[in-house]
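Going by the numbering used here, the sequence shown opens with residue 1, and the numbers climb by one from there.
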Amino acid sequence: MDNDDILRVATYNIHKGVQGIGPARRLEIHNLGLAVEQLDADIVCLQEVRGLHRREAAYFQRWPDVPQAEFLAPEGYEAVYRTNAFTKHGEHGNALLTRWPVIGHQHEDISDHRFEQR
1 MDNDDILRVA
11 TYNIHKGVQG
21 IGPARRLEIH
31 NLGLAVEQLD
41 ADIVCLQEVR
51 GLHRREAAYF
61 QRWPDVPQAE
71 FLAPEGYEAV
81 YRTNAFTKHG
91 EHGNALLTRW
101 PVIGHQHEDI
111 SDHRFEQR
């Protein structure tokens, strides 16, 4: 089988681009960008992606100026993001990064209660 016939799909929970809790919390979004590039996947499905978060942006000096899905998309990829949960300081959801043009997309709410928004 030729490599051109293989579809490479990866899934990655980025934990909102941050690792640790409390004072040990550290920004990982820049390392995640390198990891996504190294995956060299045709489609990357991301979970726990921040679209906007005012508190994290104020706390971390190197917080990206664009939403995380756009920040993580390697050159030549399209990014599609949809919010699943709204919080006091921002939001998070899922994203799709793809080498191919996105013709359309929609968001289906499959939440079964307000504490586990999907």
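Each residue gets a CB set at the ideal place from its N, CA and C atoms; glycine is no exception.
Values in this document were obtained by computation on a predicted structure and should not be read as measured data.
- Here DSSP, grouped into helix, strand and coil, assigns Val9 to strand.
- Take Phe60, set aside five residues on each side of it, and the residues of its chain with a beta-carbon closer than 7 Å to its own are Leu27, in chain order.
- Looking at the backbone, the Cα of Gly90 and that of Leu32 are separated by about 20 Å.
- Nearest C-alpha to Ala95 among Arg54, Gln19 and Val49: Val49.
- Approximately 6 Å separates the beta-carbon atoms of Pro74 and Val36; this is inside 8 Å, confirming the contact.
- Between the beta-carbon of Val9 and that of Asp42 there is about 7 Å, and that keeps the pair under the 8 Å contact cut.
- The three-state secondary structure of Tyr59, taken from DSSP, is helix.
- Listed as beta-bridge partners of Thr83 by DSSP are Gly93.
- The C-beta distance from Ala85 to Leu97 rounds to 20 Å, too long to fall under 8 Å, and the pair is not in contact.
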